[in-house]
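Trainee: What follows is a single structure, and I will ask about it in a moment.
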Amino acid sequence: MSVYYHGVTAPSSTSASPPARAELVGTARVTGTNGSGQRLTAQIGTATKAGYYVWVWSFDRESQPAVNRPYLAEGSDWADRYGLADETARARAFQPGGTSKVLEPIVSVGDRLVDTFTTSTRSGGALVTNSWLTTPGGTPVPATWDVTVYYAGMEPPARQNSVPSSAERVRSAKVTGSGGSGELLSVDLGAAAKAGYYVWVWEFNVSSQPARWQPYFAGDWADQYGLTDETITSRAFQPAGVSQVVEPEVAVGDVLADTFTTATQPGGPLVVDEWLTDTTGTPLPVTWDVTLYFHGTTPPVDPTIDVDAGDDESAGEPAPDVDGSAPPESVPAVPLEPATPTPVVVGQTQVTGTGGAGEVLTVELGTATKAGYYVWVWEFNVSSQPARWQPYFAGDWADQYGLTDETITSRAFQPAGVSQVVEPEVAVGDVLADTFTTATQPGGPLVVDEWLTDTTGTPLPVTWDVTLYFHGTTPPVDPVKAGESPNPAPSVSLSPEDVGSAVESDSSVEPVEMGDLVAETQVTGTGGAGEVLTVEPGTATKAGYYVWVWAFHVETQPEELRAYFAGDWADQYGLTDETTTSKAFQPAGVSQVVEPEVAVGDVLADTFTTATQPGGPLVVDEWLTDTTGTPLPVTWDVTLYFHGTTPPEPPAPSAVATSTVWTPPLVLPGAAPKGALQVGQTQVTGKGGAGEVLTVEPGHRDEGRLLRVGLGFPRGNAARGVARLLRG
Numbered sequence: 007m008s009v010y011y012h013g014v015t016a017p018s019s020t021s022a023s024p025p026a027r028a029e030l031v032g033t034a035r036v037t038g039t040n041g042s043g044q045r046l047t048a049q050i051g052t053a054t055k056a057g058y059y060v061w062v063w064s065f066d067r068e069s070q071p072a073v074n075r076p077y078l079a080e081g082s083d084w085a086d087r088y089g090l091a092d093e094t095a096r097a098r099a100f101q102p103g104g105t106s107k108v109l110e111p112i113v114s115v116g117d118r119l120v121d122t123f124t125t126s127t128r129s130g131g132a133l134v135t136n137s138w139l140t141t142p143g144g145t146p147v148p149a150t151w152d153v154t155v156y157y158a159g160m161e162p163p164a165r166q167n168s169v170p171s172s173a174e175r176v177r178s179a180k181v182t183g184s185g186g187s188g189e190l191l192s193v194d195l196g197a198a199a200k201a202g203y204y205v206w207v208w209e210f211n212v213s214s215q216p217a218r219w220q221p222y223f224a225g226d227w228a229d230q231y232g233l234t235d236e237t238i239t240s241r242a243f244q245p246a247g248v249s250q251v252v253e254p255e256v257a258v259g260d261v262l263a264d265t266f267t268t269a270t271q272p273g274g275p276l277v278v279d280e281w282l283t284d285t286t287g288t289p290l291p292v293t294w295d296v297t298l299y300f301h302g303t304t305p306p307v308d309p310t311i312d313v314d315a316g317d318d319e320s321a322g323e324p325a326p327d328v329d330g331s332a333p334p335e336s337v338p339a340v341p342l343e344p345a346t347p348t349p350v351v352v353g354q355t356q357v358t359g360t361g362g363a364g365e366v367l368t369v370e371l372g373t374a375t376k377a378g379y380y381v382w383v384w385e386f387n388v389s390s391q392p393a394r395w396q397p398y399f400a401g402d403w404a405d406q407y408g409l410t411d412e413t414i415t416s417r418a419f420q421p422a423g424v425s426q427v428v429e430p431e432v433a434v435g436d437v438l439a440d441t442f443t444t445a446t447q448p449g450g451p452l453v454v455d456e457w458l459t460d461t462t463g464t465p466l467p468v469t470w471d472v473t474l475y476f477h478g479t480t481p482p483v484d485p486v487k488a489g490e491s492p493n494p495a496p497s498v499s500l501s502p503e504d505v506g507s508a509v510e511s512d513s514s515v516e517p518v519e520m521g522d523l524v525a526e527t528q529v530t531g532t533g534g535a536g537e538v539l540t541v542e543p544g545t546a547t548k549a550g551y552y553v554w555v556w557a558f559h560v561e562t563q564p565e566e567l568r569a570y571f572a573g574d575w576a577d578q579y580g581l582t583d584e585t586t587t588s589k590a591f592q593p594a595g596v597s598q599v600v601e602p603e604v605a606v607g608d609v610l611a612d613t614f615t616t617a618t619q620p621g622g623p624l625v626v627d628e629w630l631t632d633t634t635g636t637p638l639p640v641t642w643d644v645t646l647y648f649h650g651t652t653p654p655e656p657p658a659p660s661a662v663a664t665s666t667v668w669t670p671p672l673v674l675p676g677a678a679p680k681g682a683l684q685v686g687q688t689q690v691t692g693k694g695g696a697g698e699v700l701t702v703e704p705g706h707r708d709e710g711r712l713l714r715v716g717l718g719f720p721r722g723n724a725a726r727g728v729a730r731l732l733r734g
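If you want this note's numbering, it's the position in the sequence shown, counting the first as 1, plus 6.
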């Protein structure tokens with residue numbers, strides 16, 4: 007008898023002989039000794055593979071012992087037909103398979119990739135058994151599994167029967183189960199090295215089994231690729247945060263400081279919403295790159311404010327782009343969109359936080375060196391982190407540029423003040439003195455309204471340039487009374503190029519209609535706002551109007567302090583409170599002859615009562631005195647004329663003088679009326695001030711001889727009498 011392996015399908019019909027496809031497995035001889043009805047059994051080896059085995063029993067006369075052949079008829083050979091149903095044996099193997107499920111479907115970068123597998127048999131038709139085979143001793147046949155985890159990328163994998171070429175093999179392992187069907191196997195293939203999708207595939211390969219058991223298996227088997235239960239989402243985390251300046255408004259010279267509260271920023275399914283920790287539970291350290299920019303003298307545009315919709319601020323900041331278009335290490339940072347002019351980097355530093363989410367970090371990057379707007383930007387760059395932690399991060403991140411909470415307004419201060427002459431009216435020769443009360447003068451959002459101090463609280467010293475002008479004998483026009491605003495704000499030019507340098511001010515003294523320079527001086531104040539400064543640069547040398555101008559010039563200040571000031575400033579020229587009227591005084595008087603009628607030879611005598619004669623706003627109406635109160639002495643020139651034998655015409659009444667020179671009602675010597683003859687001259691000095699009565703007798707004689715008829719002394723006894731009076 008013979009056994010043939012027909013294949014994995016049963017014979018569809020019978021035939022007198024085996025078909026060509028039939029594979030002879032083995033033959034055997036079975037001898038019967040009990041005649042008809044005897045039950046014979048034959049065994050030819052083992053089934054080496056699943057499929058259909060066909061038995062064919064045959065009788066061959068020539069194969070019988072020679073002693074029996076005579077009893078057998080010629081042509082008595084016989085054989086079963088091939089393919090009889092009762093002679094076809096089905097050999098069934100078993101197909102190990104199972105159901106897999108990841109231990110954690112979502113992990114963070116750095117977490118372990120662990121999968122589980124529950125074994126079972128997979129029915130695969132008529133030739134696959136649905137029960138686990140056992141050894142002769144009754145124990146389950148062991149099965150070894152080939153397990154591989156693949157990195158599918160940033161997109162969820164598609165389910166398919168084979169592993170795509172794009173899948174990146176991460177690790178493989180062999181796991182042997184010996185518990186038969188229903189055994190729970192587990193495998194750990196290391197940590198997730200990056201964010202993305204990891205796919206597990208379990209395979210049963212006959213070639214991986216021990217040789218003695220290989221025939222018992224139906225064939226190879228593998229999980230489908232991309233099964234949901236076999237996919238792990240590995241998420242990195244995106245460090246981010248919220249920043250807030252310590253002081254939104256500072257003065258030039260103040261420290262620039264910023265705070266940053268750390269947080270995570272989810273950016274899709276691959277970014278975690280909590281801070282990662284190491285195996286000890288310690289938060290991963292994060293190093294932040296911090297940059298401080300000087301934006302200029304115009305505020306930056308806050309990107310969260312919708313200009314068209316008003317001043318509403320959006321909630322939060324855009325999430326990092328981890329949508330799969332780029333690997334997680336390449337999450338783009340928010341681009342800077344600076345306004346013109348291009349921001350200038352003031353300082354950069356790095357700050358490392360170790361406290362995880364919610365940690366408040368503080369950084370100071372020097373002091374404000376000039377007035378304007380300073381903008382902070384915090385950045386997280388994967389490249390700035392320690393190499394061992396870099397795979398754990400989703401990508402780079404940066405603050406948006408120009409956020410209101412990240413902008414510091416640095417304001418300088420504008421020294422100014424109010425001036426007031428000590429004496430609005432003085433006499434020629436008096437000291438000219440002026441006072442100035444210091445103050446600050448705001449000039450827009452970049453100028454402070456208080457005096458700056460150093461770190462000890464001491465007010466910054468300020469040097470003032472004081473100029474005194476002689477305007478002339480007509481008063482200057484007060485610009486305030488003419489309609490200008492008092493103390494106009496300075497025209498502060500706070501560009502990066504000229505902040506802290508001398509700049510022209512709208513309130514600077516115009517050269518038009520200015521008087522002659524009399525004196526210049528400098529006064530330094532150290533008391534801050536409200537300090538009263540006094541200056542006395544000299545005396546009034548002539549009658550007229552003296553105008554004071556106080557000015558602040560940045561270039562006059564110590565070089566190390568210049569950056570603290572907004573710009574130049576100056577008093578307006580011609581302010582009433584800054585104009586000193588210097589008035590002279592006009593000695594004058596009233597004269598009266600002692601005797602209006604005398605005889606020839608009588609003494610000619612005259613009296614003069616001193617007084618002052620105002621001559622407009624520049625002439626005083628009282629006698630000047632020296633510093634001790636003693637009236638100034640005045641010497642009078644007295645001239646006596648012989649007019650002739652006809653009386654002179656009386657002059658017209660004198661008008662009040664309007665100039666600084668008093669004009670007497672008479673024509674002075676050198677322009678005497680025609681025919682007038684000078685008789686004598688003398689000088690009389692008065693020391694008693696106004697109201698003093700002076701007397702003069704300028705009559706002239708020569709040894710008692712009459713000089714001229716009608717002038718001088720009488721003849722004879724009269725002359726001798728007058729001579730005696732004059733002598734004694």
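The beta-carbon is built from N, C-alpha and C at its ideal position, and this holds for glycine as well.
In this text, all values refer to a predicted model and were calculated from it rather than measured experimentally.
So, with DSSP's three-state summary, where would you put A85?
Mentor: On the sequence shown, residue 85 is found 79 positions in, with the first residue counted as 1. It is a strand residue.
Trainee: How long is the line joining the alpha carbons of L78 and A85, rounded to whole angstroms?
Mentor: Your numbering for residue 78 matches position 72 in the sequence shown. Your numbering for residue 85 matches position 79 in the sequence shown. So the two alpha carbons sit approximately 16 Å from each other.
Trainee: Please say whether L624 and A590 have beta carbons closer to each other than 9 Å?
Mentor: For the purposes of this step, residue 590 is identified with residue 584 of the sequence shown, where counting begins at 1. For the purposes of this step, residue 624 is identified with residue 618 of the sequence shown, where counting begins at 1. Yes, the Cβ-Cβ distance between A590 and L624 is below 9 Å.
Trainee: Does A91 come out as helix, strand or coil in the three-state DSSP assignment?
Mentor: The count along the sequence shown starts at 1 and reaches residue 91 at position 85. Helix at A91.
Trainee: Using DSSP with H/G/I as helix, E/B as strand and the rest coil, what is S192?
Mentor: Against the sequence shown, residue 192 aligns to sequence position 186. S192 falls in the strand class under three-state DSSP.
Trainee: Could you tell me whether the Cβ atoms of T270 and D279 are closer together than 9 Å?
Mentor: As a position in the sequence shown, residue 270 is number 264, starting the count at 1. As a position in the sequence shown, residue 279 is number 273, starting the count at 1. Contact flag set, yes.
Trainee: Count the C-beta pairs between the segment 594 to 611 and the segment 445 to 459 that are closer than 8 Å, then say yes if the count reaches three, no if not.
Mentor: At 8 Å Cβ cutoff, the stretches do not touch.
Trainee: My assumption, with CB atoms under 8 Å, is that V115 sits in contact with W206. Please give the rounded CB distance.
Mentor: Translated into positions along the sequence shown, residue 115 becomes position 109. Translated into positions along the sequence shown, residue 206 becomes position 200. Not really, about 18 Å apart at Cβ, beyond 8 Å.
Trainee: Quick check: the segment 190 to 200 against the segment 127 to 134, are there 3 or more CB pairs under 8 Å?
Mentor: No, because fewer than three Cβ pairs between the segment 190 to 200 and the segment 127 to 134 fall closer than 8 Å, the two stretches do not touch.
Trainee: For the ligand MG, any of its heavy atoms closer than 8 Å to the Cβ of L539?
Mentor: For the ligand MG, the structure offers nothing, since it holds no ligand at all.
Trainee: Do I414 and P6 have their beta-carbon atoms positioned less than 9 Å apart in this structure?
Mentor: In the structure as shown, the chain starts at 7 and stops at 734, and residue 6 therefore has no counterpart that could be examined.
Trainee: Please work out which residues of its chain come closer than 7 Å, Cβ to Cβ, to G694, disregarding the five sequence neighbours upstream and downstream, and give them in chain order.
Mentor: In the sequence shown, the residue the question calls residue 694 occupies position 688. The answer, listed in chain order, is P637.
Trainee: Are the CB atoms of T237 and P170 nearer to each other than 9 Å?
Mentor: In the sequence shown, counting from the first residue as 1, residue 237 sits at position 231. In the sequence shown, counting from the first residue as 1, residue 170 sits at position 164. Cβ atoms of T237 and P170: not closer than 9 Å.
Trainee: Which residues mark the beginning and the end of the beta strand (DSSP E) in which E526 is found?
Mentor: In the sequence shown, the residue the question calls residue 526 occupies position 520. First-last of the beta strand (DSSP E) with E526: D522 to G531.
Trainee: Please report the distance separating the alpha-carbon of S320 from that of W382.
Mentor: By one-based count along the sequence shown, residue 320 stands at place 314. By one-based count along the sequence shown, residue 382 stands at place 376. Confidence is the limiting factor: at S320 the pLDDT is only 39, short of 50, which leaves the residue's position unreliable and the question unanswerable from this model.
Trainee: With H, G and I counted as helix, E and B as strand and the rest as coil, what does DSSP make of P421?
Mentor: Residue numbering aside, residue 421 sits at position 415 when the sequence shown is read from its first letter. If DSSP states are grouped into helix, strand and coil, P421 belongs with the strands.
Trainee: Confirm, please, whether the CB-CB distance from A557 to P543 is below 9 Å.
Mentor: On the sequence shown, position 537 is the one that residue 543 refers to. On the sequence shown, position 551 is the one that residue 557 refers to. No, Cβ-Cβ distance for P543 and A557 is not below 9 Å.
Trainee: Apart from the five residues on each side of it in sequence, which residues of its chain come closer than 6 Å, Cβ to Cβ, to T234?
Mentor: For the purposes of this step, residue 234 is taken as residue 228 along the sequence shown, with counting starting at 1. Here the set comprises nothing.
Trainee: Which residues mark the beginning and the end of the beta strand (DSSP E) in which K180 is found?
Mentor: Taking the first residue of the sequence shown as position 1, residue 180 is located at position 174. E174 to G183 is the span of the beta strand (DSSP E), which, as asked, contains K180.
Trainee: Whole angstroms is fine: what's the gap from V352's alpha carbon to Q396's?
Mentor: The count along the sequence shown starts at 1 and reaches residue 352 at position 346. The count along the sequence shown starts at 1 and reaches residue 396 at position 390. Near 28 Å, if we compare the C-alpha coordinates of Q396 and V352.
Trainee: On the DSSP bridge assignment, give the partners of L233 in chain order.
Mentor: Taking the first residue of the sequence shown as position 1, residue 233 is located at position 227. DSSP, once it has assigned bridges, lists no residue as partnering L233.
Trainee: Quick check on this structure: which residue in T303, L700, G692 and D643 has the alpha carbon closest to the alpha carbon of G686?
Mentor: Position 680 of the sequence shown holds residue 686. Closest by alpha carbon: D643.
Trainee: Taking DSSP as the reference, what is the three-state secondary structure of V75?
Mentor: Looking up residue 75 in the sequence shown gives position 69. It should be pointed out that residue 75 corresponds to Arg in this sequence rather than to Val. Here R75 sits in helix by DSSP.
Trainee: Under the assumption that L585 contacts V553 (Cβ atoms under 8 Å), give the Cβ distance between them as a whole number of angstroms.
Mentor: By one-based count along the sequence shown, residue 585 stands at place 579. By one-based count along the sequence shown, residue 553 stands at place 547. It should be noted that the sequence gives Thr, not Leu, for residue 585. So it is a contact: roughly 5 Å between Cβ atoms.
Trainee: Can you tell me which residues form a DSSP beta bridge with A590?
Mentor: Residue mapping note: residue 590 aligns to position 584 of the sequence shown, counting from 1. Partner(s): V625.
Trainee: I'd like to know whether the C-beta of S184 is nearer than 9 Å to at least one C-beta of chain B.
Mentor: Note that chain B does not occur in the displayed structure, where there is just one protein chain.
Trainee: Pop quiz: S588 and K548 are said to be a contact at Cβ under 8 Å. What is the actual Cβ separation, rounded to whole angstroms?
Mentor: By 1-based counting over the sequence shown, the position of residue 588 is 582. By 1-based counting over the sequence shown, the position of residue 548 is 542. 7 Å between Cβ atoms; contact.
Trainee: Classify T303 as buried or exposed, calling it buried when 16 or more other Cβ atoms lie within 10 Å of its own Cβ.
Mentor: What you label residue 303 is simply residue 297 of the sequence shown in a count that begins at 1. It counts as buried.
Trainee: Report the option in V555, G362 and A696 whose CA atom is closest to the CA atom of F442.
Mentor: Taking the first residue of the sequence shown as position 1, residue 442 is located at position 436. Selected option, being the one with the closest Cα: V555.
Trainee: Determine the extent of the beta strand (DSSP E) in which E161 is found, giving its start and end residues.
Mentor: In the sequence shown, residue 161 corresponds to position 155, counting from 1. Premise fails: E161 is in no beta strand (DSSP E) and is neither H nor E.
Trainee: Does S187 come out as helix, strand or coil in the three-state DSSP assignment?
Mentor: Taking the first residue of the sequence shown as 1, we reach residue 187 at position 181. Three-state DSSP puts S187 in coil, outside helix and strand.
Trainee: Is D739 buried or exposed, if buried means 16 or more other CB atoms sit within 10 Å of its CB?
Mentor: Residue 739 is absent from the model: the chain starts at 7 and stops at 734.
Trainee: In whole angstroms, what separates the C-alpha of G183 from that of Y157?
Mentor: What you label residue 183 is simply residue 177 of the sequence shown in a count that begins at 1. What you label residue 157 is simply residue 151 of the sequence shown in a count that begins at 1. Each residue's Cα considered, the two are about 26 Å apart.
Trainee: Taking 7 Å as the limit between beta carbons, can you name the residues of its chain near E29, skipping five residues before and five after?
Mentor: On the sequence shown, residue 29 is found 23 positions in, with the first residue counted as 1. Hits under 7 Å: Y10 and Y11.
Trainee: Just mark E412 as buried or exposed, buried being the case when its beta carbon has 16 or more other beta carbons within 10 Å.
Mentor: As a first step, residue 412 must be located in the sequence shown, where it is residue number 406. Buried, by the Cβ-count rule.
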